[in-house]
Amino acid sequence: MTPSRSPEAVLTAFGIRADPVVLPGGKGGTWRADQVVLKPVEFLAETLWRAEVLAALPDSAEFRIARPVRTLDGAWVIDGWEASRLIEGVPDVGRQDDVLRAGTAFHTAIASLPRPEFLDLRDDPWSIGDRVAWEELPIQACPLALNLLEPLVRARRPVNLASQAVHGDLPGRCVTMPRGQDLIAQIDRCHSMIDDKFRESGRRSCFGTDAGG
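If you're matching positions, the sequence shown starts at 1 in our numbering and goes up one per residue.
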């Protein structure tokens, strides 16, 4: 089934004249039009917060971000769609050390951000899973799922780190430049911009490591 493309009114609002082409991966709802990537907004409060943060973040030699794009009249969202600049690169699961280095640099760059208010409003399965992992919610699952989760629950250890917003899924949401170039692009599950799944780190515990994430 072909996903719904961005409407003509949305393309016009962002000043795009090229025909959009659907991008592979993710949920299949992300489109590229020339050097701009468009995708449907999933959670407006989070989209607006992310756009403001990424627009203000200084450039870095250690990571790249897909800058959000405003409409011609200055809005981040139009008719349920958002846009960002295209960033070149390819996924490479063999370069996790590079991903971790870029993630560390990125987290350092956003360490002073206050806790996003939208974190308390999200109720998607990933957010609920985060809260269970950090012992903010009890585990509620069928017996089979509880058996699968038990080893992870036992592996939790205390974490003594300052609480801050972090990238929620670094390993699967980055693209890299060719080897020899250390720039890493942080992208989300729709391959367009920095992951829209932020969570707090350093709260109380995590699964099988002594660092938040």
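The C-beta atom is built at its ideal place from N, Cα and C for all residues, glycine as well. Since the model is a prediction, treat every value here as computed from it, not as a measurement.
A contact between stretches requires three or more CB pairs, one per stretch, nearer than 8 Å, and the segment 41-55 fails this requirement with the segment 18-26.
Taking C-alpha positions only, R64 is separated from A141 by approximately 39 Å. Considering only I139, G168 and E135, the residue with the shortest C-alpha distance to V159 is E135.
Closest in C-alpha terms to W31, from the list E46, S4 and A9, comes S4. The Cβ neighbour count for L137, taken over all protein chains shown within 10 Å, is under 16; the residue is labelled exposed.
For W31, the enclosing beta strand (DSSP E) begins and ends at W31 to A33. Straight through space, the alpha carbons of E82 and Q164 are spaced by roughly 25 Å. Residues of the same chain with a CB within less than 7 Å of the CB of L149, apart from the 5 flanking positions on each side, are I139 and A141 in chain order.
In terms of Cβ geometry, L161 and G103 do not form a close pair [threshold 9 Å]. The continuous alpha helix (DSSP H) containing L144 extends over residues P143 to A155. It is roughly 44 Å from the alpha-carbon of A61 to the alpha-carbon of N147. Looking at the DSSP output, I78 bridges to W81.
In this model, V93 and V99 are separated by some 9 Å (Cα to Cα).
Annotation for A45: F118 and L121 place their beta carbon closer than 7 Å to its own, counting only its chain and skipping 5 residues before and after. Between V36 and R85, the C-beta gap is smaller than 9 Å, which places the two residues in contact. The continuous beta strand (DSSP E) containing V37 extends over residues V36 to P40. Pairing D123 with G168 gives a Cβ-Cβ distance that is not under 9 Å. Each of G80, V10 and R157 was checked against the Cα of L48, and the nearest Cα belongs to G80. L38 and S6 have their C-alpha atoms some 7 Å from each other.
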